[in-house]
Amino acid sequence: MRPVLTQKVAALLWAAAILGCIGFGGWQLGQGLYIKAKAEVAQILLERAWEKTLADGKPHKAWPWADTWPVAKLEIPSQMKSEIVLAGGTGEALAFGPGHLFGSPDPGKPGTSVIAGHRDTHFAFLRHLKNDDTVIVTTRDRKQHLFRVRGSRIVEHDNSQIDPHAGFGIALVTCFPFDAREQGPLRYVVFAEAVADAS
Amino acid sequence: MSIIDRYTAGAARPRGWSHSLAFFLTFACLVLLLLAGFIRHTRAETAPVPAGLVTLGDIESGALLFKSTEPGKYVPAPLLATDVKIDVSGPIARARVTQRFINPGDGWVEGKYIFPLPEDSAVDTLKMVIGDRVIEGKIKEKEEARQIYEEAKADGKKASLVEQQRPNVFTNSVANIGPGETIVVQIEYLQTARRDGDTFSLRFPMVVAPRYTPKEANPQFVDFEPGSSGWGDVLPPERDDTLEQPPVLRPEMGNVNPVSLKVSLDAGFPLGDVASPHHEVMIERDGKRAATIALKDELVPANKDFELTWKPAATKAPTAALFRERVGKEDYLLVMLTPPSGDVQPEAKPREAIFVIDNSGSMSGPSMDQAKESLLWALDRLKPGDTFNVIRFDDTLTVLFPDAVPAHGENLAVAKKFVKGLEANGGTEMLPALRAALTDRRSGNEDRVRQVVFLTDGAITNERELFSEITSNLGRSRLFTVGIGSAPNSYFMTRASEAGRGTFTHIGNEQQVVERMSELFEKLGNPVMTDIIATWPDSRTTESWPNPVPDLYKGEPVVLSARMPEAKGTLTLKGEVAGEPWEVRMSLDKGEPRPGIGKLWARRKIEQLEADARIEGDWERNDKAITAVALEHHLVSRLTSLVAVDVTPTRPDGEKLTSKDMPVNLPEGWDYDKVFGEQTIPASQRAQMKQGVMAFASYAPAPPPQADAGGLQPVSLSLPQTATDAPALIHSGILALLVGMALSALWWLRRHWSATAWARRAR
Chain S
1 MRPVLTQKVA ALLWAAAILG CIGFGGWQLG QGLYIKAKAE VAQILLERAW EKTLADGKPH
61 KAWPWADTWP VAKLEIPSQM KSEIVLAGGT GEALAFGPGH LFGSPDPGKP GTSVIAGHRD
121 THFAFLRHLK NDDTVIVTTR DRKQHLFRVR GSRIVEHDNS QIDPHAGFGI ALVTCFPFDA
181 REQGPLRYVV FAEAVADAS
Chain U
1 MSIIDRYTAG AARPRGWSHS LAFFLTFACL VLLLLAGFIR HTRAETAPVP AGLVTLGDIE
61 SGALLFKSTE PGKYVPAPLL ATDVKIDVSG PIARARVTQR FINPGDGWVE GKYIFPLPED
121 SAVDTLKMVI GDRVIEGKIK EKEEARQIYE EAKADGKKAS LVEQQRPNVF TNSVANIGPG
181 ETIVVQIEYL QTARRDGDTF SLRFPMVVAP RYTPKEANPQ FVDFEPGSSG WGDVLPPERD
241 DTLEQPPVLR PEMGNVNPVS LKVSLDAGFP LGDVASPHHE VMIERDGKRA ATIALKDELV
301 PANKDFELTW KPAATKAPTA ALFRERVGKE DYLLVMLTPP SGDVQPEAKP REAIFVIDNS
361 GSMSGPSMDQ AKESLLWALD RLKPGDTFNV IRFDDTLTVL FPDAVPAHGE NLAVAKKFVK
421 GLEANGGTEM LPALRAALTD RRSGNEDRVR QVVFLTDGAI TNERELFSEI TSNLGRSRLF
481 TVGIGSAPNS YFMTRASEAG RGTFTHIGNE QQVVERMSEL FEKLGNPVMT DIIATWPDSR
541 TTESWPNPVP DLYKGEPVVL SARMPEAKGT LTLKGEVAGE PWEVRMSLDK GEPRPGIGKL
601 WARRKIEQLE ADARIEGDWE RNDKAITAVA LEHHLVSRLT SLVAVDVTPT RPDGEKLTSK
661 DMPVNLPEGW DYDKVFGEQT IPASQRAQMK QGVMAFASYA PAPPPQADAG GLQPVSLSLP
721 QTATDAPALI HSGILALLVG MALSALWWLR RHWSATAWAR RAR
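Chains as they are written, first to last, in the numbering used here: chain S, 1 to 199; chain U, 1 to 763.
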């Protein structure tokens with residue numbers, strides 16, 4: 001009797017362990033891939049909203065329940081990257097695209113405009129930026145602002161040392177270290193200085 | 001393995017072994033799950049390296065910094081002494097700050113000196129003293145001033161440049177300080193004494209030695225040299241014992257920056273109590289109205305702000321003051337008026353409080369919790385006679401009660417339950433909410449004050465629309481904005497509260513909720529005078545600030561700054577005190593002449609123009625106006641700087657300026673042992689300073705947030721979380737799948753093996 005019972009229990013435990021592992025793995029993997037997919041797909045929808053914004057100069061939401069809207073388009077020719085920048089650095093905005101922080105001036109205005117993005121999705125390219133790389137920001141008024149990368153710095157998130165009123169340029173921010181799997185307190189900031197506006 | 005070893009005999013061996021193994025694996029699997037969950041919450045990174053250099057962000061107060069070749073990094077120089085003289089005449093103070101520095105090295109250096117000043121200070125004078133010559137600074141547009149300075153620097157002339165970094169933080173660059181030379185720099189500014197009730201006070205942000213904050217404020221260096229492969233190199237944190245002690249200043253060495261301070265006070269009325277809450281002082285009376293105040297210890301370590309308070313001898317200070325100055329073709333006026341206060345404090349009127357809470361998606365997380373907590377706190381403070389209503393909005397809108405209801409048990413319970421249940425979701429449509437809040441069903445009712453408390457992070461685009469809604473529909477309501485979260489849109493909220501004749505409160509974290517909300521409620525509960533209107537003799541040619549005049553709360557005086565072609569006629573101030581009309585007439589030609597009134601006016605105008613520029617987004621026009629005002633009144637602003645150049649070149653032609661020539665700006669002859677005792681620069685750091693070339697000049701980082709900034713301006717921006725947990729999720733997902741697969745394989749193998757073993761035995 002007993003061996004049969006233990007055999008059953010053993011089989012059950014085996015099944016539980018295997019199913020547990022596979023279930024958990026599938027769930028985690030799915031979550032991770034969902035975040036990535038969301039980031040990619042959102043940019044397509046945002047691109048559409050951005051076209052509308054460019055046409056009439058007013059903010060348009062990419063989907064009706066969104067709490068953010070495209071404010072600019074960021075292009076880095078050397079990395080062949082282009083991203084739609086959203087309003088605000090809230091977690092909700094950053095899930096879909098780089099976000100422009102409310103406390104900082106708009107790109108192309110005096111001061112340092114701060115744009116933050118996720119290191120593992122939209123701003124993964126930030127680590128490859130070099131000095132003198134060009135960054136082009138198109139704002140709602142269809143103006144293209146040219147910036148040149150002048151340097152970078154690693155700071156703590158609560159002491160960014162970025163004065164939004166000083167200088168004339170943009171600061172691109174992402175998490176540091178780039179390959180860490182966990183979220184951390186350090187941020188990598190790339191400074192780009194404004195150069196003469198293109199039309 | 002020990003589990004297996006123990007079952008070495010018996011028929012049940014395969015079963016028992018399998019049983020235990022399965023148990024073990026299930027257990028391992030669970031541990032793995034827990035571990036995966038746990039790891040995600042631990043921080044992977046450690047604190048960055050402390051090094052000997054500082055950035056502007058590290059400096060909490062005045063210090064002379066020598067430029068190093070590390071971009072944005074400076075070597076603090078020993079500061080010999082600071083001497084402060086403040087002349088107080090009535091409510092106006094002129095401060096003269098004199099700093100002496102030496103260059104202890106044997107090369108020619110350029111220094112940069114960063115110092116804080118009071119928020120409302122109007123910096124108008126720069127003097128550089130070389131030997132017995134005094135060189136006076138001139139006001140120029142920022143770019144021009146910088147050019148003049150750079151040229152002088154290149155020519156080997158001594159030069160000094162004062163620039164505004166933020167309204168309360170300035171820098172002074174000094175070029176061509178010779179070996180062993182002492183440079184004296186003098187800066188003067190004007191400010192008005194603060195008045196609260198019958199107490200006047202004045203604050204001087206003390207100059208502290210650059211305090212070294214290794215953990216928070218010292219980033220790792222990234223080398224990003226042009227011409228290299230282009231990959232930034234993060235210099236690894238070095239755990240060298242010599243790095244434990246920052247090479248320049250240690251906290252216990254605070255007294256290397258001694259300050260002497262003297263205030264000559266002429267109150268303009270018989271003086272009562274004079275006190276300095278944070279420092280021991282000697283007070284010498286000079287007649288009834290004047291006194292001289294000096295620090296008891298002639299030199300004090302500069303580690304806390306100096307504050308001076310004074311009171312009139314009579315039970316009450318004079319209730320009105322009028323000062324004037326004629327500059328060019330215009331008269332400038334400063335009016336101070338104190339409404340009735342003290343014993344006859346009028347009973348505060350009951351309130352109609354409208355609370356508006358933003359529960360849009362951008363508020364999600366700690367912001368929403370803080371907003372809810374603040375609102376619940378506020379609901380608890382309502383008095384029985386008050387009425388209230390709650391409005392919440394995202395892209396939809398709920399007005400809790402059809403009309404304001406009395407603040408008693410049941411209504412409050414309903415409101416609290418409503419607030420507790422709020423969740424952050426959806427878009428931010430502020431306009432309908434604002435409209436609903438300003439809709440006043442009893443606009444003629446003067447028995448109650450109507451106060452709208454607006455809690456939001458201000459994530460909006462239609463600032464102008466909202467702004468015009470406030471100005472046109474305010475009526476008897478007053479708008480108090482409460483900014484929630486680390487980076488609310490404080491420009492909008494400050495301006496909105498000004499237009500709404502209320503105040504702006506910033507709540508940055510959980511700990512501030514009670515403190516800041518109680519400050520706000522102290523004000524809400526005690527409005528002394530409302531609906532203040534200043535009527536000038538000729539309103540077309542008069543420019544006066546602030547405009548509109550804000551309500552007065554307990555103890556506050558009305559302070560008006562005005563400019564007009566000629567000060568004559570009568571100023572009429574009308575207001576309402578506890579429902580009773582209040583009116584004061586003041587002859588403008590009777591004011592006492594006092595220098596500096598024009599500059600104080602200009603400073604306020606610049607403040608207003610800066611705020612306008614942010615709201616209107618029209619930087620060009622406002623920038624022009626700011627430049628014009630600042631140049632006219634000789635003031636340092638965001639767009640103008642003071643520059644002083646010595647005409648005679650002092651640096652010999654052959655010698656070159658250290659900051660350009662030597663790879664390290666830390667001179668070899670820099671004798672730390674003599675100046676600071678046993679200290680050396682670690683070799684690792686020297687190597688570090690030799691790297692890195694490019695200039696970072698235009699990105700002067702912000703100083704750390706100052707406690708007394710009142711939350712009006714976010715100083716150093718705090719940055720959001722910019723990593724998803726996707727990599728962690730994918731990683732642990734793949735890991736778990738692999739383990740699952742390995743388990744399946746093991747199971748299959750084991751079954752296969754036991755089946756064949758059975759078969760073998762059966763045979």
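Just so it is clear, CB atoms sit at the ideal spot from N, CA and C, and this is done for glycine as well.
Predicted model, so just to flag it, every value in this text is computed and none were measured.
* Asked: Which residues in the same chain as U:Ser587 place their Cβ atom closer than 7 Å to its Cβ, once the five residues preceding and following it in sequence are excluded?
  -> Position 587 of the second sequence, counted from the start, is the residue given in the question as residue 587 of chain U. Thr570.
* **Proximal chain S residues relative to U:Thr722, where beta-carbon distance stays under 8 Å** => Residue 722 of chain U sits at position 722 when you count from the first residue of the second sequence. Leu94, Ala116, Gly117, His118, Arg119, Phe123, Val173, Thr174, Cys175 and Arg187, listed in chain order.
* Asked: Between S:Phe102 and chain U, is there a C-beta pair that is closer than 8 Å?
  -> By 1-based counting over the first sequence, the position of residue 102 of chain S is 102. By this cut-off, S:Phe102 is an interface position.
* **Per DSSP, cross-strand counterpart(s) of S:Cys175** => The sequence position of residue 175 of chain S within the first sequence is 175, counting from 1. For S:Cys175, which the question treats as bridged, DSSP gives the partners S:Arg187.
* Asked: Counting along the chain, where does the alpha helix (DSSP H) carrying S:Gly111 start and finish?
  -> The count along the first sequence starts at 1 and reaches residue 111 of chain S at position 111. Looking at the DSSP string, S:Gly111 is not in any alpha helix (DSSP H); the run it does join, the beta strand (DSSP E), is Gly111 to Ala116.
* U:Thr338 to U:Val558 span [Cα, whole Å] -> Mapped onto the second sequence, residue 338 of chain U falls at position 338. Mapped onto the second sequence, residue 558 of chain U falls at position 558. Roughly 6 Å between the two C-alpha positions.
* Are the C-beta of U:Pro727 and some C-beta of chain S separated by less than 8 Å? -> Stepping through the second sequence from its first residue, residue 727 of chain U is reached at position 727. With 8 Å as the cut-off, U:Pro727 counts as an interface residue toward chain S.
* To which residues does DSSP link U:His358 through a beta bridge? -> Here residue 358 of chain U corresponds to residue number 358 of the second sequence, with the count starting at 1. For the record, residue 358 of chain U in the displayed sequence is Asp; it is not His. According to DSSP, U:Asp358 bridges with U:Phe393.
* Would you list the one or two residues that DSSP bridges to S:Pro70? => Here residue 70 of chain S refers to the residue found at position 70 of the first sequence. S:Leu86.
* Asked: What does S:Pro110 touch in chain U if you count any residue whose Cβ is under 7 Å from its own?
  -> As a working note, residue 110 of chain S is residue 110 in the first sequence. What S:Pro110 touches in chain U: Trp619.
* If the cut is a Cβ gap below 8 Å, which residues of chain U does S:Arg181 touch? -> Within the first sequence, the letter at position 181 stands for residue 181 of chain S. Under the 8 Å cutoff, chain U gives Ala44, Pro727, Ala728 and His731.
* **When S:Thr138, S:Phe178 and S:Trp63 are compared against S:Arg200, the one with the closest alpha-carbon** => Missing from the structure shown is residue 200 of chain S; chain S here goes from 1 to 199 and no further.
* Status (buried if at least 16 other CB within 10 Å, exposed otherwise) for S:Arg181 -> Here residue 181 of chain S is taken as the residue at index 181 of the first sequence, counted from 1. Counting Cβ neighbours within 10 Å, S:Arg181 comes out buried, since at least 16 surround it.
* Asked: If we ignore side chains and look at the alpha-carbon of each, how far apart do U:Leu271 and U:Ala193 end up?
  -> As a first step, residue 271 of chain U must be located in the second sequence, where it is residue number 271. As a first step, residue 193 of chain U must be located in the second sequence, where it is residue number 193. In a straight line, the C-alpha of U:Leu271 is about 15 Å away from that of U:Ala193.
* Figure out for me which residue from S:Pro110, S:Pro177 and S:Phe125 has the closest Cα to the Cα of S:Asp163. => One-based indexing of the first sequence puts residue 163 of chain S at position 163. Comparing Cα-Cα distances from S:Asp163 to each of S:Pro110, S:Pro177 and S:Phe125, the minimum goes to S:Pro110.
* Asked: Taking Cβ positions only, does U:Pro50 come closer than 8 Å to chain S?
  -> By 1-based counting over the second sequence, the position of residue 50 of chain U is 50. Any reading at U:Pro50 must be qualified, since the residue scores a pLDDT of 29, below 50, and its modelled position is unreliable; no value is offered.
* **Sub-8 Å separation of U:Phe323 and U:Gly591 beta-carbons** => By one-based count along the second sequence, residue 323 of chain U stands at place 323. By one-based count along the second sequence, residue 591 of chain U stands at place 591. In contact: U:Phe323 and U:Gly591 (Cβ atoms closer than 8 Å).
* Cβ of S:Asp56 less than 8 Å from any chain U Cβ? -> By one-based count along the first sequence, residue 56 of chain S stands at place 56. No, S:Asp56 lies away from the interface with chain U (no Cβ there is under 8 Å from its Cβ).
* Asked: Over what stretch of residues does the beta strand (DSSP E) that includes U:Ala320 continue unbroken?
  -> As a working mapping, residue 320 of chain U is identified with position 320 in the second sequence. Taken as a continuous stretch (DSSP letters only), the beta strand (DSSP E) holding U:Ala320 covers Ala320 to Val327.
* Proximity test, Cβ basis, 8 Å: U:Ser264 and chain S -> Taking the second sequence and counting its residues from 1, the one referred to as residue 264 of chain U is at position 264. No, because no Cβ of chain S sits closer than 8 Å to the Cβ of U:Ser264.
* To do: On the DSSP bridge assignment, give the partners of U:Tyr189 in chain order.
  => Position 189 of the second sequence, counting from 1, holds the residue named residue 189 of chain U. The partner list for U:Tyr189 (beta bridge, DSSP) reads U:Ala95 and U:Val123.
* To do: Flag this pair as yes or no: are the beta carbons of U:Arg638 and U:Asp551 separated by less than 8 Å?
  => By 1-based counting over the second sequence, the position of residue 638 of chain U is 638. By 1-based counting over the second sequence, the position of residue 551 of chain U is 551. No, they are not a contact pair.
* To do: For chain U, find out if any of its Cβ atoms is closer than 8 Å to the Cβ of S:Gly97; answer yes or no.
  => Locating residue 97 of chain S in the first sequence gives position 97, where the first residue counts as 1. So, not an interface residue.
* Taking 7 Å as the cut-off, does the CB of U:Thr471 come closer than this to any heavy atom belonging to the ligand FMN? -> As presented, the structure is devoid of all ligands, the ligand FMN included, so that no description of it is given.
* **Spatially closest choice to U:Asp395 from U:Ala534, U:Ile460, U:Arg476 and U:Arg761, by CA coordinates** => For the purposes of this step, residue 395 of chain U is taken as residue 395 along the second sequence, with counting starting at 1. Closest option to U:Asp395, Cα to Cα, is U:Ile460.
* Option nearest S:Val149 by Cα separation, candidates S:Asp133, S:Trp14 and S:Gln43 -> The residue you call residue 149 of chain S lines up with position 149 of the first sequence. Checking every option, the nearest Cα to that of S:Val149 belongs to S:Asp133.
* **With 16 other Cβ atoms within 10 Å as the buried cut-off, status of U:Val452** => Here residue 452 of chain U refers to the residue found at position 452 when the second sequence is read from its first residue. Flag for U:Val452 reads buried.
* Asked: So is U:His633 buried or exposed if we call it buried at 16+ other beta carbons inside 10 Å?
  -> The count along the second sequence starts at 1 and reaches residue 633 of chain U at position 633. Looking at its Cβ environment, which holds 16 or more other Cβ atoms inside 10 Å, U:His633 is buried.
* Whole beta strand (DSSP E) elements within the stretch 421-505 of chain U, 3-residue minimum -> 449-456 and 477-484
* Between U:Ala709 and chain S, is there a C-beta pair that is closer than 8 Å? -> Position 709 of the second sequence, counting from 1, holds the residue named residue 709 of chain U. With a pLDDT of 31 at U:Ala709, under the threshold of 50, the modelled position of this residue cannot be trusted, and the question is left open.
* Closest by CA to S:Gly88, which one among U:Ser364, U:Ser89 and U:Ser276? -> One-based indexing of the first sequence puts residue 88 of chain S at position 88. Measuring from the Cα of S:Gly88, the nearest candidate turns out to be U:Ser364.
* Asked: For U:Thr481 versus U:Phe504, is the C-beta distance shorter than 8 Å?
  -> Numbered from its first residue, the second sequence carries residue 481 of chain U at position 481. Numbered from its first residue, the second sequence carries residue 504 of chain U at position 504. Taking 8 Å as the Cβ cut-off, U:Thr481 and U:Phe504 qualify as a contacting pair.
* Report yes or no: is there a C-beta of chain U within less than 8 Å of the C-beta of S:Gln43? => Within the first sequence, numbered from 1, the residue matching residue 43 of chain S stands at position 43. No, S:Gln43 does not count as interfacial toward chain U.
* Range covered by the beta strand (DSSP E) that runs through S:His145 -> Counting from one through the first sequence, the residue named residue 145 of chain S turns up at place 145. Residues Gln144 to Glu156.
* Asked: What's the gap between the Cα of S:Leu5 and the Cα of S:Ala11?
  -> In the first sequence, the residue the question calls residue 5 of chain S occupies position 5. In the first sequence, the residue the question calls residue 11 of chain S occupies position 11. C-alpha separation (whole angstroms): 10 Å.
* **Span of the alpha helix (DSSP H), counted from its first residue to its last, around S:Val135** => Indexing the first sequence from 1 puts residue 135 of chain S at position 135. Careful: S:Val135 lies outside any alpha helix (DSSP H), inside the beta strand (DSSP E) at Thr134 to Thr139.
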